[in-house]
Each structure stands twice: as structure tokens, then as C-alpha cells.
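Novice: In this note's numbering, the protein residues as written are 316 to 454.
#1: What's the gap between the Cα of residue 415 and the Cα of residue 384?
#2: Suppose contacts are defined by Cβ-Cβ distances below 9 Å. Is residue 404 in contact with residue 380 by that definition?
#3: Between the alpha carbons of residue 341 and residue 349, how many angstroms are there, rounded?
#4: So residue 354 and residue 395 are supposed to be a Cβ contact under 8 Å. How far apart are they, rounded?
#5: Does DSSP put residue 372 in a helix, a strand or coil?
#6: Would residue 434 pass as a contact of residue 417 if the rule is Cβ separation under 9 Å?
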């Protein structure tokens, strides 16, 4: 039988806490969990989020339809105190000034010559984009 003194209990609790945290972290990564991030946080720390699936809410500015190699996309700025560029391949119906929440794959730089910075790729089947993603009006 295992016998522990009271002096060992804090170490045991700490070990159990670390093990539970590690299990939760592994579970989150394995499930492809997306995190809720503000546009200003993405713009301020793009390298921290590069390649991650994120959910972002903000105000739409300057939506424009454009033809890209992979099909028609709508591009727009998604802003709070700062803005990021969204390239949405799922034909969103967004209008200037609307509040939206969208999920996609964030890229610190995007394009064949990394011409665009702080870009969220939504929908479509682009390599590494994470597949189709959602766009919905914010309440």
C-alpha cells in the first residue's frame, strides 16, 4: 500500500494539476479547437496566430468581390480598434458597416510574394485553410 505524508500532498496536487492541464491542452489541439480573437489582437501579434484557426468578430469595411485562382472571393476589412483582411470563398453576404463573426485560418502574410499581411482565409478548399468555415451576423 502507498503511504504519503502530509508534506507530500502539495507535490501530489501540483503533479495532478499539471497532468490535467496537459490532458486538456492535448484534447484541445487534437480537436482542432478555434480560439476567439479580436482583430486588434491579430494585428498586434500576427506571428502568435499564424496558421491557426481563429474566430473573429468585428465591423465589415470595404467589401469587394474579386476573382482569384481558386474562384470568386469576397474581400473585406474586419475591424475593431484595428483591421485585418478577410478573404472569404464561401460567398458571404456582407455589407459595409455590418457586424459579423467569422472563422477561418489566419495568415501573418499571404500571397505568392507575401504581398498581403494579417489575412483571414474563410471557406473554400485552399491548402492549409482548414476547409470550409462559417460566417454569421453578430448579435
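Just so you know, even glycine gets a beta-carbon here, dropped at the ideal spot from N, CA and C. Note that the structure is predicted; figures quoted are calculated from it, not measured.
Specialist: Per the coordinate set shown:
#1: 26 Å
#2: no
#3: Because residue 341 sits at a pLDDT of 41, beneath the cut-off of 50, its placement in the model cannot be relied upon, and the following sentence gives the value as read from the coordinates. Roughly 14 Å separates the two Cα atoms.
#4: 5 Å
#5: strand
#6: no
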